[in-house]
Amino acid sequence: MITLGIEGTAHTIGIGIINEGEILTDVKATYQPKAGIHPREAAQFLGENMRNSLDLALEEAGLGFKDIDLISFSQGPGLGPCLRTVATGARALSLHHKIPIIGVNHCVAHIEIGRFLCGFKDPLTLYVSGGNTQILKLKDNRYRIFGETLDIGIGNMLDKFGRETGLKHPAGPKIEDLAKKGKDFVELPYVVKGTDLSFSGILTNATEKFRTGKNSLEDLCFSLQETSFSMLTEVTERALAHLKMKEVLLTGGVANNKRLQEMMGLMAEEHGAKFGVPLGYCGDNGVMIALLGQLMHKAGIRQSLDDTAVNPRFRTDEVEVRW
Ligand code: ATP
Ligand code: FE2
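Heads up: the sequence shown runs through residues 0 to 322, numbered per numbering that gives the first Met the number 0.
See below:
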């Protein structure tokens, strides 16, 4: 079975094609906002780049639409205009080429690509991206949220700090590079409440410290990472100790960060748990959308066009996991 997945919840248009467990292609184009992401501009970017990305993906896979058995697309959560643009494209392709269509949850796709690439059965998942920061565990056929951010996502915090300090979007990778040159640890607010976290205080405080000019940007990036990643590791450890799980999965765009991988890996090791990251597929991509569509289809889930309405506030625990 060959599935084409279309990701388009925010900044990235991603086209992934898989054939069962084989990844045939992964094409991406990412919108670079000047300031924060503007939903209409992002949607326009996705629309303008969808056709080229589709052509390139099919060419790379050596396939035509006649070979595609299923079209999967990101139904939510995300920015309304982006979701509608991609859903309209997916529906048009499905109707024109008479291929079944399925809308999938973007957050569940981040988890499933991790489970698949790491070969995990039942992991405790730390999902860290721009908009999301959640600790999840599958229970009674749903990914239950064990802990989450009470305000902004960790990636959003890093990107906002980057904007305030003149780093280009997305700032996460730049902060990671600068942090390596940091020498002195600067104390920043550390806010953990049980298994929940908050990142807005640390953002305000680090930004203020940058403005006073007393601390170097390198030291602030280093301290920002050490503090916020310790918070993430602490809440995951608390959940792990409580739930006594044997696998720890780190996924989402921020999972690209080597320092976070290191901290989480050490923590998992201390608890005798396996640790995994879907390397190369942490950030938004079409492959994860194709994979989840395929899993749902194989579990017997079918959608009519009426079922494909987008859902900007689609929650992870709304999805019944039947695979
Ligand atoms: P979601 O809808 O899942 O919240 P998203 O739109 O935020 O997705 P992702 O690609 O999953 O998209 O994550 C993007 C985030 O990952 C950005 O905030 C970016 O700064 C961050 N990021 C990417 N690479 C790194 C890195 N090396 N270190 C830290 N953060 C990173
Ligand atoms: Fe994402």
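Beta carbons: idealized from backbone N, C-alpha and C, even for Gly. These figures come from a predicted structure and were not determined experimentally.
To which residues of the same chain is A240 closer than 8 Å at the C-beta, ignoring the five residues directly before and after it? The residues are H270.
Beta-carbon gap between L278 and L259 smaller than 9 Å: Contact: no.
The alpha helix (DSSP H) enclosing D25, as first and last residue numbers: D25: not part of any alpha helix (DSSP H); member of the beta strand (DSSP E) spanning 21-29, first to last residue.
Quick check on the DSSP output: what are the complete alpha helix (DSSP H) runs of length 4 or more inside the segment 49-102, in order along the chain? Taken in chain order, the unbroken stretches of alpha helix (DSSP H) that lie wholly in the segment 49-102 and span 4 residues or more are 79-96.
Contained alpha helix (DSSP H) runs [length at least 4] in the segment 133-216, N- to C-terminal order: Segments of the alpha helix (DSSP H) lying fully in the segment 133-216: 153-163, 171-178, 199-211.
Got a list of residues with beta-carbon closer than 5 Å to any non-hydrogen atom of the ligand FE2, in chain order? Close to the ligand FE2, as judged by a C-beta nearer than 5 Å to any of its heavy atoms, are the residues S128, D283, in chain order.
Whether I17 touches L290 by CB criterion (9 Å): The Cβ-Cβ distance between I17 and L290 falls below 9 Å.
Quick one: grab the DSSP three-state call for K273. Looking at K273 - three-state DSSP - the assignment turns out to be strand.
How big is the Cα-Cα spacing for K65 and G165? Distance from the CA atom of K65 to the CA atom of G165, rounded to whole angstroms, is 47 Å.
Sequence-distant residues of its chain with Cβ nearer than 7 Å to D176 (five each side left out): Answer for D176: no residue qualifies.
Which same chain residues end up closer than 6 Å to M262 when comparing Cβ atoms and leaving out the 5 residues on each side of it in sequence? Counting only Cβ-Cβ distances below 6 Å, and skipping sequence neighbours, we find F228, T232.
How would you write the range of the beta strand (DSSP E) that I5 sits in, first residue to last? It spans 1-6 - the beta strand (DSSP E) in which I5 sits, taken as one unbroken run.
So is the beta-carbon of G113 under 8 Å away from any non-hydrogen atom of the ligand ATP? Result no, Cβ not under 8 Å from the ligand ATP.
Buried or exposed for N255, going by 16 or more other Cβ atoms inside 10 Å? It is buried - the Cβ of N255 has at least 16 other Cβ atoms within 10 Å.
Residues in the same chain with beta-carbon distance under 7 Å from T315, minus the five sequence neighbours each way, listed in chain order, please. Hits under 7 Å: N104, C106, V107, Q133, L135, Y142, I144.
Helix, strand or coil at E319 according to DSSP, with G and I counted as helix: E319 carries a coil assignment under DSSP once its states are collapsed to helix, strand and coil.
Mind checking whether I110 and M49 have CB atoms under 9 Å apart? No, Cβ-Cβ distance for I110 and M49 is not below 9 Å.
In the structure shown, what three-state DSSP assignment does I12 receive? If DSSP states are grouped into helix, strand and coil, I12 belongs with the strands.
Given 8 Å, three or more beta-carbon pairs between the segment 177-191 and the segment 242-249: The segment 177-191 is not in contact with the segment 242-249.
Compute the minimum distance between the beta carbon of D158 and the heavy atoms of the ligand MG, and state whether it is under 8 Å. Within the structure as shown, the ligand MG is missing, the only ligands being the ligand ATP and the ligand FE2.
Residue of V320, D306, F313, V318 minimising C-alpha distance to A89: Residue D306 holds the alpha-carbon nearest to the alpha-carbon of A89 among V320, D306, F313, V318.
So, G102 versus G75, is the Cβ gap smaller than 9 Å? With respect to the 9 Å criterion, G102 and G75 are classified as neighbours on the basis of their beta carbons.
Separation of P169 from E217, as counted between CA atoms: Approximately 17 Å, taken between the alpha carbons.
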